[in-house]
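2 protein chains.
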Amino acid sequence: MEQFPLFRNITAEQWQDMQRCFGVVERSYRADEVIYDFGDGRNMIGIVLSGSAVVERIDDQGNRAILEHLTPGGVFGEMLMFANVHGDSIRVLCEQPGRVCFLSYQALTKRCENACDHHSRLVENMFTLVADKATLLSERVEVLSRRSIRDKLLCYFAMQSAKGQQSAFTLPFTLSALADYISADRSAMMRELKKMRAEGIVEVKGRQVRLTA
Amino acid sequence: MEQFPLFRNITAEQWQDMQRCFGVVERSYRADEVIYDFGDGRNMIGIVLSGSAVVERIDDQGNRAILEHLTPGGVFGEMLMFANVHGDSIRVLCEQPGRVCFLSYQALTKRCENACDHHSRLVENMFTLVADKATLLSERVEVLSRRSIRDKLLCYFAMQSAKGQQSAFTLPFTLSALADYISADRSAMMRELKKMRAEGIVEVKGRQVRLTA
DNA sequence: AAAAATATGTGACATTTGCCACAAATGGGT
DNA sequence: ACCCATTTGTGGCAAATGTCACATATTTTT
């Protein structure tokens, strides 16, 4: 338990204390189960402990879009991601079965009298989780702010290969999901990928990608 | 000084201490001055205290894009926004003259032995600033993830009017800047706005916008 | 092992968008 | 009050993108 970012420098016993102090709730979820529904106004922060989840938006016309992929360490909640535009609903759905814990944003940001040491350690750890979230969101904004599908793909590929420090890497999701991530039509993306392959800019077989430029 | 989020529950004297402890640097900037250049690898967190700044990216073809607007309380830095894709440069430029303070990400996340009370208060305050940043980025992702210019505009307008709890509101920037924000061509956006006006969906005069749907 | 569901790949066609060029309006600064 | 820079507004045209429709892998479930 100690190696997970949320629990850094926190012992199991201290975590027990905190659960009482902050009203922490921990739950398991099965695939496709609804973990959280924005608009319920529960004002909670959720943290993915294991498994994975997706934040999806369904607008008034019924279009589904994936706003975020959450892996262990991922955080969500109204205070961390303003959402509810008029009619469309935003939900967090379980993808890979796993555990999620919830704590109140208020309890975290308001200094409490007792157990203040626990408190500050938890805030420190939450700080790194939220900072990581900001990084991921920044990356996505960088990709989405490109004007064309080609530029979006090149930006995303460049980032991924920079992370692994190799020109080749494996996509963390399917090509269909990649189309969602860059917010483009799947078949339009496929067409562009074909062109890019033909021009010798990238090699794509399955989820293996290599930048050859 | 106490009302600014970064300094909540921190007195001027404590702030003096912290500046020594964390090696905080504070500086003033004139309009158009370069505040920060990613890729210098200084690994600092910057916080806008007053004035405003923009985070801009110039890609290898020379295209300029605004990634973020920073107002007082806005934070930036490599650890908070992964950036440097291959050749293109990302910089923070001063817009409205003001002050910025810098502190080391390491000092913030590593528990220090002395002055631990200062430390945890600062982390708490940084937590709220980074959480706010995550919120802003989430909003932008929500807008950018819409497929068409019209949907982007409607999403953005809906968010703004939801904030003010009114159907009318004032744009925080020019229409040109709005085009940058939604990452669309300005004239294409104008064309779409004209159509929307003609259909009676919105009223736009200057920076005044009203949703009439 | 078969069946069902999901993902990949491709093409034709309509629409949207980006790009360019230019005129008018607005806004700061001196 | 003037000038200069920026913003707003508009149109034509080419290129990029989305939509639909379908065939083929691939993966997952039964």
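Residue numbers (the working numbering), protein chains in the order written: chain P, 20 to 232; chain C, 20 to 232. Even glycine gets a Cβ: it sits at the ideal position worked out from N, Cα and C. Given the structure is predicted, the values throughout are model-derived calculations rather than measurements.
Going by other Cβ atoms of all chains shown within 10 Å of its Cβ, with 16 needed for buried, is residue i buried or exposed?
| i | result |
| --- | --- |
| Thr234 of chain C | For residue 234 of chain C there is no data in the structure shown, the boundaries of chain C being 20 and 232. |
| Lys214 of chain P | exposed |
| Ser47 of chain C | exposed |
| Val302 of chain P | A query on residue 302 of chain P cannot be resolved here, the shown segment of chain P reaching from 20 to 232 and no further. |
| Glu161 of chain C | buried |
| Lys7 of chain P | With chain P covering only 20 through 232, there is no way to say anything about residue 7 of chain P. |
| Gly58 of chain C | exposed |
| Gly93 of chain P | buried |
| Asp204 of chain P | exposed |
| Phe192 of chain C | exposed |
| Gly81 of chain P | exposed |
| Gly60 of chain C | exposed |
| Ala217 of chain P | exposed |
| Ala31 of chain C | exposed |
| Gly96 of chain P | buried |
| Arg165 of chain P | buried |
| Arg226 of chain C | exposed |
| Arg39 of chain P | exposed |
| Arg140 of chain P | buried |
What is the C-beta distance between residue i and residue j, in whole angstroms, given that I count them as a contact (C-beta under 8 Å)?
| i | j | result |
| --- | --- | --- |
| Ser186 of chain P | Leu230 of chain P | 5 Å |
| His137 of chain C | Met37 of chain C | 5 Å |
| Gly65 of chain C | Ile54 of chain C | 7 Å |
| Ser71 of chain P | Leu89 of chain P | 6 Å |
| Ala50 of chain C | Cys113 of chain C | 6 Å |
| Ala153 of chain C | Leu99 of chain P | 5 Å |
| Leu156 of chain C | Leu127 of chain P | Not confirmed; about 20 Å, so no contact. |
Note the first and the last residue of the continuous alpha helix (DSSP H) segment covering residue i.
| i | result |
| --- | --- |
| Met178 of chain P | Ile168 to Gly183 |
| Lys213 of chain C | Arg205 to Ala217 |
| Arg39 of chain P | Ala31 to Phe41 |
| Asp59 of chain C | Unbroken run through Asp59 of chain C: none, as it is neither H nor E. |
| Leu197 of chain P | Leu194 to Tyr200 |
Can you name the start and end residues of the beta strand (DSSP E) that residue i belongs to?
| i | result |
| --- | --- |
| Ala72 of chain C | Ala72 to Ile77 |
| Asp107 of chain P | Premise fails: Asp107 of chain P is in no beta strand (DSSP E) and is neither H nor E. |
| Ser47 of chain C | Val44 to Tyr48 |
| Gln115 of chain P | Segment: none, Gln115 of chain P is in no beta strand (DSSP E) and carries neither H nor E. |
| Thr128 of chain P | Thr128 of chain P -> not in any beta strand (DSSP E); alpha helix (DSSP H) instead, spanning Tyr124 to Thr128. |
| Leu89 of chain P | Arg83 to Leu89 |
| Thr189 of chain C | Ala187 to Thr189 |
| Glu222 of chain P | Val221 to Lys224 |
| Arg27 of chain P | Neither: Arg27 of chain P is in no beta strand (DSSP E) and is coded neither H nor E. |
| Leu230 of chain C | Gln227 to Leu230 |
Here's a check: name, in chain order, each residue in its chain whose Cβ is nearer than 7 Å to the Cβ of residue i, leaving out the five neighbours to either side.
| i | result |
| --- | --- |
| Lys224 of chain C | none |
| Gln33 of chain P | His137 |
| Gly219 of chain C | Thr231 |
| Leu221 of chain C | Inspection of the sequence shows that residue 221 of chain C is occupied by Val rather than by Leu. Answer for Val221 of chain C: Phe176, Met215, Val228, Arg229, Leu230 and Thr231, listed in chain order. |
| Leu190 of chain C | Leu197, Arg226 and Val228 |
| Val142 of chain C | Leu127 |
Within the same chain, show all residues whose beta-carbon is closer than 8 Å to that of residue i, passing over the 5 residues directly before and after it, in chain order.
| i | result |
| --- | --- |
| Glu158 of chain C | Met178 |
| Ser108 of chain C | Asp56, Phe57, Gly58, Arg76 and Ile77 |
| Leu68 of chain P | Phe23, Leu25, Glu45, Pro91, Gly117, Arg118, Val119 and Cys120 |
| Asn144 of chain C | Pro24, Leu25, Phe26, Arg27, Asn28 and Ile29 |
| Gln125 of chain C | Asn62 |
| Lys2 of chain P | There is simply no residue 2 of chain P to check, as chain P begins at 20 and stops at 232 in what is shown. |
| Leu163 of chain C | Lys171, Ile201 and Ser202 |
| Glu52 of chain P | Leu112 and Cys113 |
Suppose the cutoff is 6 Å on Cβ atoms and the five residues either side in sequence are ignored; what does the same chain contact list for residue i look like?
| i | result |
| --- | --- |
| Ser167 of chain C | none |
| Arg169 of chain C | Glu211 |
| Ala198 of chain P | Arg205 and Met208 |
| Leu194 of chain C | none |
| Val111 of chain P | Ile54, Tyr55, Ala72, Val74 and Phe95 |
| Ser180 of chain P | Ser186, Phe188 and Leu230 |
| Ala84 of chain C | Arg76 |
Within 8 Å, do at least three Cβ pairs link the stretch 71–83 of chain P to the stretch 138–152 of chain P?
Segments in contact, no.
Below 8 Å, how does it come out for the stretch 111–127 of chain P and the stretch 161–179 of chain P: are there three or more Cβ pairs, yes or no?
No, because fewer than three Cβ pairs between the stretch 111–127 of chain P and the stretch 161–179 of chain P fall closer than 8 Å, the two stretches do not touch.
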